[in-house]
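Student: Let me begin by handing over the structure; questions about it come next.
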Amino acid sequence: MQVADHHQHVPIDIQTSKLLDWLVDRRHCNLKWQGLVLTIREKINTAIQDMPENEEIAQLLSGSYIHYFHCRRIVDLLKGTEASTKNIFGRYSSQRMKDWQEIVALYEKDNTYLAELSSLLVRNVNYEIPSLKKQIAKCQQLQQEYNRKEEEGQAGATEMREQFYHSCKQYGITGDNVRRELLALVKDLPSQLADIGAAAQSLGEAIDLYQACVGFVCESPTEQVLPLLRYVQKRGNSTVYQWRTGTEPSVVERPHLEAPPEQVEEDAIDWGDFGAEAASEGIDYGISAQATGIDWGISLDSDSKEAGSDGIDWGDDAAVSQITVLEAGTQAPEGVARGPDALTLLEYPETRNQFIDELMELEIFLSQRAVEMSEEADILSVSQFQLAPATLQGQTKGKMVTMVSMLQDLIGQLTSLRMQHLFMILASPRYVDRVTEFLQQKLKQSQLLALKKELMVQKQQEALQEQAALEPKLDLLLEKTRELQKLIEADISKRYNGRPVNLMGTSL
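So for the sequence shown, the working numbering puts the first residue at -13; every next one is plus one.
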């Protein structure tokens, strides 16, 4: 008796994935239960078309899948709504009741309902629940990825915009209209160079000091050092013509700086009437064989003056003397500065480079003198400068440092990145297009990265919304699957005298 009682409490453990096989092997369900289920589903679809108005019945029918226990609950509810159709024999004349009672009876035949519930449980555990969990995990992964790309896009956009404004700052523009601002800077360049030329006027003492040192050390006082720097110090940033000839020009014809045309979009190209006249009767290109007023110096008359055996008249020798070879861009009437001669010394590349070289030469000399003055005087240096001019002996280290600082400031102004770009624009206006394109490319990259960041925010919201829509579905499916598990365990337990039944591997 005790052994039987002990056996009564031994649980029955069934692997969920093999639940259907377990039921069929023990003759609880028929192997061909699926065919009967199809018949039952058709009858359920027909029966739900005619149902009484009842809140609980409507709630049961709103579920995704109606199974055996739902049908039994509907029959119980119909006993209340269809009570008036019950006869003295306990039967119902209502067609609704008959339909649902028939459905319940078909379910109970060969325990078909148990096989269907087991199949539904296995499908939920093995496929539906893992699929929803995988979709939610994918949404979470996408949110993290989109969040990372959003941060990258934000950082990249900020970096490119900072590079754009940093480059604009180097050029000395705000960046609102790069092309127009660059061209405006070139217009201000002559006044800036004039200020540099004016600042060089304070270098007279430094130049005289260098001249005195060279004359003393090299014993060649007549040799003039820093000719161009000395000239600018006295005359300022004059024209190349004045530097070359020594006289001031009466007329200065500066080269006209032509601004390159604005970029035209491809879809906005206007071809004009090109090709419109192709079908016309004749095309006049403006070339006439009878051009009037032009004497080409060629005579077709047979009786022309002979000059040699070939009959060609080469003209007088005096005419040949009128032909002279001119230097390109430099020929101009006297007193007229034209071409490169019309440029200032600091605008013309050759003289500007010479001016910078002489500034650096003077700066190096003064720096060396400042270093020598800071060191302790030795016998050699003292004896060497005893016979030096008073200009050299009367200098101090502080004065040297001040002059070096002044020279470094001038050199820095002429060799700054901004000034270099201005000189390149002055030499080639097409350079404006390249600089504009370079800067606009940075701004476009910044804008594209900002758009990418906004797109990542939008996709992140979409993934979040999808996750929010999937999570209630998963919770509902888990709840229904747990309910199915309890119903199946309770039904199998009844068949084994109340022994506890455990469905293994559900992980709910």
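Idealized CB from N, CA, C, for every residue including glycine.
1) With C-beta atoms as the reference, is residue 485 less than 8 Å away from residue 479?
2) At the level of alpha carbons, what is the spacing between residue 324 and residue 164?
3) If you measure between the beta carbons of residue 474 and residue 22, is that distance less than 8 Å?
4) Would residue 0 be called buried (16 or more neighbouring beta carbons within 10 Å of its own) or exposed?
5) Going by DSSP, what residue range makes up the beta strand (DSSP E) through residue 323?
6) Counting pairs of Cβ atoms below 8 Å between the stretch 127 to 134 and the stretch 459 to 478, do you hit three or more?
7) Could you give the first and the last residue of the continuous alpha helix (DSSP H) run that contains residue 234?
8) Quick check on the DSSP output: what are the complete alpha helix (DSSP H) runs of length 4 or more inside the stretch 381 to 437, in order along the chain?
9) Do residue 378 and residue 141 have their C-beta atoms within less than 8 Å of each other?
10) Who are residue 488's beta bridge partners in DSSP?
11) Return the chain-ordered list of same chain residues with a C-beta closer than 7 Å to the C-beta of residue 166, the five sequence neighbours on each side being excluded.
12) Quick one, are the C-beta atoms of residue 464 and residue 150 less than 8 Å apart?
13) Excluding sequence positions up to five away, which residues of its chain have a Cβ less than 7 Å from the Cβ of residue 156?
14) Taking all protein chains shown into account, do 16 or more other C-beta atoms lie within 10 angstroms of the C-beta of residue 270, making it buried, or fewer, making it exposed?
15) What are the residues that DSSP puts in a beta bridge with residue 220?
16) Leaving out five residues on either side along the sequence, give the residues of the same chain with a beta carbon under 6 Å from the beta carbon of residue 351.
17) Taking the alpha helix (DSSP H) that residue 210 belongs to, which residues open and close that run?
18) DSSP state of residue 330, grouped into three classes?
19) If residue 192 sits next to residue 348, beta carbons under 8 Å apart, how far is it from one beta carbon to the other, in whole angstroms?
20) Counting along the chain, where does the alpha helix (DSSP H) carrying residue 146 start and finish?
21) Excluding the 5 residues preceding and the 5 following residue 214 in the sequence, name in chain order all residues of the same chain whose CB lies nearer than 8 Å to its CB.
22) Whole-angstrom Cβ separation of residue 383 and residue 353, contact assumed at under 8 Å?
23) Just curious, the alpha helix (DSSP H) that residue 26 is in, first and last residue?
24) Just to confirm, is the Cβ distance from residue 238 to residue 408 under 8 Å?
25) What does the alpha-carbon distance come out to for the pair residue 434 and residue 443?
26) Using the C-alpha atoms, what's the distance from residue 103 back to residue 13?
27) According to DSSP, is residue -6 helix, strand or coil?
28) Under 8 Å, do residue 453 and residue 126 count as touching if we go by C-beta distance?
29) Is the distance from the Cβ of residue 456 to the Cβ of residue 122 below 8 Å?
30) Going by beta carbon distance, what residues of the same chain come within less than 6 Å of residue 476, once the five residues before and after it are set aside?
31) Under DSSP, the alpha helix (DSSP H) around residue 15 begins and ends at which residues?
32) Check residue 337 in the structure and name its three-state DSSP category.
33) Using the Cβ count rule (16 or more neighbours within 10 Å means buried), how would you classify residue 355?
34) Cα separation between residue 116 and residue 47?
35) Once you ignore the five residues that flank residue 251 on each side, which residues in its own chain have a CB closer than 6 Å to its CB?
36) Buried or exposed for residue -3, please, with buried defined as at least 16 other CB atoms from any protein chain shown within 10 angstroms of its CB.
Tutor: Looking at the atomic coordinates:
1) In the sequence shown, counting from the first residue as 1, residue 485 sits at position 499. In the sequence shown, counting from the first residue as 1, residue 479 sits at position 493. In terms of Cβ geometry, residue 485 and residue 479 form a close pair [threshold 8 Å].
2) Mapped onto the sequence shown, residue 324 falls at position 338. Mapped onto the sequence shown, residue 164 falls at position 178. Rounded to whole angstroms, residue 324 and residue 164 show a C-alpha spacing of 31 Å.
3) Here residue 474 is taken as the residue at index 488 of the sequence shown, counted from 1. Here residue 22 is taken as the residue at index 36 of the sequence shown, counted from 1. Taking C-beta atoms as the reference points, residue 474 and residue 22 fail to come closer than 8 Å.
4) Here residue 0 is taken as the residue at index 14 of the sequence shown, counted from 1. Under the 10 Å beta carbon count, residue 0 is surrounded by 16 or more other beta carbons and is classified as buried.
5) For this step, residue 323 is matched to residue 337 along the sequence shown. First-last of the beta strand (DSSP E) with residue 323: 322 to 324.
6) These segments do not touch.
7) As a working note, residue 234 is residue 248 in the sequence shown. In the DSSP assignment, residue 234 falls outside any alpha helix (DSSP H), carrying neither H nor E.
8) Look at the stretch 381 to 437 and you find these whole runs of alpha helix (DSSP H), each 4 residues long or longer: 383 to 401 and 403 to 413.
9) What you label residue 378 is simply residue 392 of the sequence shown in a count that begins at 1. What you label residue 141 is simply residue 155 of the sequence shown in a count that begins at 1. If you check the CB distance, residue 378 and residue 141 do not come in under 8 Å.
10) As a working mapping, residue 488 is identified with position 502 in the sequence shown. In DSSP, residue 488 forms a bridge with -1.
11) The residue you call residue 166 lines up with position 180 of the sequence shown. None.
12) Here the question's residue 464 lines up with position 478 in the sequence shown. Here the question's residue 150 lines up with position 164 in the sequence shown. Their beta carbons are not under 8 Å apart, which means residue 464 does not touch residue 150 by this criterion.
13) As a first step, residue 156 must be located in the sequence shown, where it is residue number 170. Excluding positions up to five away in sequence, the list reads 403 and 404.
14) Taking the sequence shown and counting its residues from 1, one reaches residue 270 at position 284. Bear in mind that a pLDDT of 43 at residue 270, under 50, signals an unreliable position, so the model cannot answer this.
15) Residue 220 sits at position 234 when you count from the first residue of the sequence shown. DSSP, once it has assigned bridges, lists no residue as partnering residue 220.
16) Numbered from 1 along the sequence shown, position 365 holds the residue referred to as residue 351. Within the same chain, residue 351 has close Cβ partners 196.
17) The sequence position of residue 210 within the sequence shown is 224, counting from 1. For residue 210, no alpha helix (DSSP H) segment is defined, and its DSSP state is neither H nor E.
18) Residue 330 sits at position 344 when you count from the first residue of the sequence shown. Reduced to three states, the DSSP call for residue 330 is strand.
19) Against the sequence shown, residue 192 aligns to sequence position 206. Against the sequence shown, residue 348 aligns to sequence position 362. Taking C-beta atoms under 8 Å as the contact rule, residue 192 and residue 348 qualify, at a distance of about 6 Å.
20) If you number the sequence shown from 1, residue 146 lands on position 160. In this chain, the alpha helix (DSSP H) harbouring residue 146 covers 115 to 157.
21) By one-based count along the sequence shown, residue 214 stands at place 228. Same-chain partners within the cutoff: 229, 331, 337, 340, 341 and 344.
22) Within the sequence shown, the letter at position 397 stands for residue 383. Within the sequence shown, the letter at position 367 stands for residue 353. Going by Cβ atoms, the distance from residue 383 to residue 353 rounds to 11 Å, so no, they are not a contact pair.
23) Here residue 26 is taken as the residue at index 40 of the sequence shown, counted from 1. Segment 19 to 33, the alpha helix (DSSP H) holding residue 26.
24) As a first step, residue 238 is located in the sequence shown; it is residue number 252 there, counting from the start. As a first step, residue 408 is located in the sequence shown; it is residue number 422 there, counting from the start. Not a contact, by the Cβ cut-off of 8 Å.
25) Taking the sequence shown and counting its residues from 1, one reaches residue 434 at position 448. Taking the sequence shown and counting its residues from 1, one reaches residue 443 at position 457. One Cα belongs to residue 434, the other to residue 443, and the distance between them is close to 14 Å.
26) Looking up residue 13 in the sequence shown gives position 27. Looking up residue 103 in the sequence shown gives position 117. Their Cα atoms are separated by approximately 16 Å.
27) Position 8 of the sequence shown holds residue -6. The answer is helix: DSSP assigns residue -6 an H, G or I state.
28) The residue labelled residue 453 in the question sits at position 467 within the sequence shown. The residue labelled residue 126 in the question sits at position 140 within the sequence shown. A contact, by the Cβ cut-off of 8 Å.
29) Locating residue 456 in the sequence shown gives position 470, where the first residue counts as 1. Locating residue 122 in the sequence shown gives position 136, where the first residue counts as 1. Yes; because the gap between Cβ atoms is below 8 Å, this pair is in contact.
30) For the purposes of this step, residue 476 is taken as the residue at position 490 of the sequence shown. If the five residues before and after residue 476 are omitted, its C-beta is found closer than 6 Å to no C-beta atom of its own chain.
31) Position 29 of the sequence shown, counted from the start, is the residue given in the question as residue 15. No residue range can be given for residue 15, since it is assigned to no alpha helix (DSSP H) and is classified by DSSP as neither H nor E.
32) Against the sequence shown, residue 337 aligns to sequence position 351. DSSP places residue 337 in helix when its eight states are reduced to three.
33) Here residue 355 refers to the residue found at position 369 when the sequence shown is read from its first residue. Classification of residue 355: buried, given that the 10 Å Cβ count is 16 or more.
34) For the purposes of this step, residue 116 is identified with residue 130 of the sequence shown, where counting begins at 1. For the purposes of this step, residue 47 is identified with residue 61 of the sequence shown, where counting begins at 1. For residue 116 and residue 47, the gap between their C-alpha atoms comes out near 26 Å.
35) Counting from one through the sequence shown, the residue named residue 251 turns up at place 265. Here the model assigns residue 251 a pLDDT of 43, short of 50, so the residue's position is not dependable and the matter cannot be decided.
36) Residue numbering aside, residue -3 sits at position 11 when the sequence shown is read from its first letter. Burial state of residue -3 is exposed, judged by a 10 Å Cβ sphere holding fewer than 16 other Cβ atoms.
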